[in-house]
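Comments concern the structure below.
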Amino acid sequence: MAHPKHIITDPVISIGTVAERLKVSVSTIRKYEADGLIIPFRAESGHRLFSLEDIERLRIIQHMIQVVGLNVEGIRRLQSFLPCWDIISCPQKNTTRTCPAFKETTKPCWMIKNKEGDGNNAKNCRTCIVYRFGSQCTEDVKQLVHGTSKEELRNKLEEMTNNWTQEQ
DNA sequence: ATTCTGACA
DNA sequence: TGTCAGTA
20 MAHPKHIITD
30 PVISIGTVAE
40 RLKVSVSTIR
50 KYEADGLIIP
60 FRAESGHRLF
70 SLEDIERLRI
80 IQHMIQVVGL
90 NVEGIRRLQS
100 FLPCWDIISC
110 PQKNTTRTCP
120 AFKETTKPCW
130 MIKNKEGDGN
140 NAKNCRTCIV
150 YRFGSQCTED
160 VKQLVHGTSK
170 EELRNKLEEM
180 TNNWTQEQ
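This note's numbering puts the first sequence at residues 20 to 187.
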């Protein structure tokens with residue numbers, strides 16, 4: 020309610036602005052991207068652009084580092100447990116136990132290079148509900164990953180992301 | 001003036 | 001994490 024939906028999701032903030040608002044260096048933000056923690060939008064010029072949701076995600080990263088005590092590697096591993104196979108309709112549905120994302124415990128699904136076939140990669144992952152969930156509060160993440168059916172999981176995610184993207 | 005990539009103390 | 005180079 021505080022912000023209209025488009026304000027939340029539109030990537031229009033420069034990396035410099037983000038840096039000063041979060042009190043972090045520009046290079047640190049670039050590093051987070053290189054490390055797979057964030058997927059900034061790219062202008063045609065090649066410049067990174069961030070939305071308010073992106074800033075929220077960065078805040079959570081700071082929290083995990085400064086308060087929780089995780090390092091970048093730890094955050095990546097934590098996110099590798101986001102059950103994308105349960106959250107979105109996976110091309111290899113019945114073979115979930117064999118899909119790379121399911122077995123990977125080191126990096127999140129958006130960091131896994133896709134083989135042939137459907138080529139949805141990091142660029143599109145930016146808008147994926149799985150990736151976006153990482154922009155939610157860590158408390159909510161806990162509750163979510165705590166025994167819920169696929170259907171419930173799906174609904175909760177929609178709910179939560181709606182809280183962010185809702186309303187004018 | 002700002003940001004980008006890549007290399008590097 | 002920061003900086004320096006050479007661009008766009």
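All C-beta atoms, glycine included, are put in the ideal place defined by N, C-alpha and C.
- With contacts defined as CB atoms closer than 8 Å, residue 119 and residue 99 fail to qualify as a contacting pair.
- Judged by beta-carbon spacing, residue 97 lies within the 8 Å limit of residue 89, meaning their Cβ atoms are closer than that value.
- Boundaries of the alpha helix (DSSP H) around residue 49: 45-53.
- In the DSSP assignment, residue 78 falls within the unbroken alpha helix (DSSP H) covering 71-82.
- Secondary structure of residue 145 (DSSP, three-state): coil.
- In this structure, DSSP gives residue 152 a helical state, which the three-state scheme calls helix.
- Its Cα nearest to that of residue 68, the residue 27 stands out among 155, 121, 84, 27.
- Residue pairing for residue 68: DSSP places it in a beta bridge opposite 33, 60.
- The DSSP-derived three-state label of residue 174 is helix.
- A Cβ-Cβ separation of about 7 Å places residue 58 in contact with residue 129 under the 8 Å criterion.
- Closest option to residue 37, judged by alpha-carbon separation, among 24, 147, 153, 71: 71.
- A residue is called buried once 16 or more other Cβ atoms fall within 10 Å of its Cβ, and residue 162, having fewer, is exposed.
- Rounded to the nearest whole angstrom, the C-alpha separation of residue 173 and residue 34 is 32 Å.
- In chain order, 175 place their CB closer than 8 Å to the CB of residue 167, counting only its own chain and leaving out the 5 sequence neighbours on each side.
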